[in-house]
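I have placed the structure first, in the form of structure tokens, so that the comments after it can refer back to it.
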Amino acid sequence: MTASHESVSAPTRRTVVAAVGAAGIAAALTACGSSDDSSSSEPAGNGAKAGAAKDGAGKELAKTADIPVGGGKIFGDAGVVVTQPKKGEFKAFTNICTHKQCPVTAIEGGTINCPCHGSKFSIEDGSVKHPPAAQPLAAKEITVSGDSITLA
Ligand code: FES
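The sequence shown begins at 1 in the UniProt record's numbering and counts up one residue at a time.
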């Protein structure tokens, strides 16, 4: 019980790094079911991106039955939109509009819609269907396993 109370004064950075490291190791251990080790050579300089990607990794976002065919569902907390353009075909995109970074709020009429200035994006590939946005919504990786959808 006396081991670590001297270093309490500046815990933020160290604590965060340690936590991310532990999560990364846990994720690596869980994901290590196959002998294909091709993903282990990532450069270490990309911390922000890797950390963000790992945040929601492995958490179930939804059941496949929650995602309407020809539509989709927005998961604001996870920062992701999951769509099902055709039965059994699931796609995922960031929920942040590429125009001025408003979160999108609706999926209607085959498009993912931003309330701020009216941009619309395809549920199939995130491409712009209605300006002012000029860039597509970036795709996100999901895993569909049985009836469960998780962030990859
Ligand atoms: S921020 Fe989405 S349309 Fe402008």
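Idealized CB from N, CA, C, for every residue including glycine.
Since we're looking at a predicted model, the values are computed, not measured.
{"Check": "Three-state secondary structure (DSSP) of A62", "Outcome": "strand"}
{"Check": "heavy atom of the ligand FES below 7 Å from A62 C-beta", "Outcome": "no"}
{"Check": "Rounded C-alpha distance that separates N146 from C97", "Outcome": "A small fix is needed here, since residue 146 is Gly in this sequence, not Asn. Each residue's alpha carbon lies about 30 Å from the other."}
{"Check": "Secondary structure of F121, DSSP reduced to three states", "Outcome": "strand"}
{"Check": "Through-space distance from K73 to D66, alpha-carbon basis", "Outcome": "8 Å"}
{"Check": "Any non-hydrogen atom of the ligand FES closer than 7 Å to residue 177 Cβ", "Outcome": "Nothing about residue 177 can be read from this structure; the chain reaches only from 1 to 152."}
{"Check": "Beta-bridge pairing of A106 - partner residues as DSSP gives them", "Outcome": "N113"}
{"Check": "Coil, strand or helix - Q84 by DSSP", "Outcome": "strand"}
{"Check": "Status (buried if at least 16 other CB within 10 Å, exposed otherwise) for Q84", "Outcome": "buried"}
{"Check": "Burial state of S119, where buried means 16 or more other Cβ atoms lie within 10 Å", "Outcome": "buried"}
{"Check": "Proximity winner among K63, H99, K59 and I107, relative to G88 (alpha-carbon distances)", "Outcome": "K63"}
{"Check": "Supposed contact pair F90 and L137 - C-beta distance, whole angstroms, cut 8 Å", "Outcome": "The pair is not a contact, with the Cβ atoms about 15 Å apart (cut-off 8 Å)."}
{"Check": "Residues proximal to the ligand FES by C-beta, any heavy atom closer than 7 Å", "Outcome": "C97, H99, K100, Q101, C102, C114, C116, H117, G118, S119, P132 and A133"}
{"Check": "Three-state secondary structure assigned by DSSP to E141", "Outcome": "coil"}
{"Check": "Euclidean distance between Cα positions of A106 and F75", "Outcome": "11 Å"}
{"Check": "A92, DSSP secondary structure in three states", "Outcome": "strand"}
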